[in-house]
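What follows is a set of notes on a single structure, which appears directly below.
Residue numbers (this note's numbering): 3 to 72.
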């Protein structure tokens with residue numbers, strides 16, 4: 003995928019996510035966030051961009067883990 007298409011999908015994902023946060027309707031907000039996640043997944047998985055995949059991996063490793071209390 004060309005880099006300009008990646009940028010277009012990333013900007014569309016960001017716009018959809020922000021629009022979903024600002025929307026009062028729960029169903030429409032969830033649908034917009036789902037579309038944003040799909041656009042991001044297309045960029046990360048379909049574009050073969052190793053830089054973006056490494057950023058996603060770094061973010062996943064940076065997140066705190068869930069602890070179990072017994």
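Beta carbons: idealized from backbone N, C-alpha and C, even for Gly.
Can you tell me the Cα-Cα spacing of residue i and residue j, whole angstroms?
i, j, result
"residue 27", "residue 21", "11 Å"
"residue 45", "residue 8", "6 Å"
"residue 60", "residue 52", "12 Å"
"residue 31", "residue 64", "27 Å"
"residue 29", "residue 6", "31 Å"
"residue 55", "residue 48", "11 Å"
"residue 33", "residue 24", "13 Å"
How about residue i and residue j: do their beta carbons lie closer than 8 Å?
i, j, result
"residue 18", "residue 43", "no"
"residue 41", "residue 11", "yes"
Between the Cα of residue i and those of the options, spot the shortest distance and give me the residue it belongs to.
i, options, result
"residue 14", "35, 63, 24 and 30", "35"
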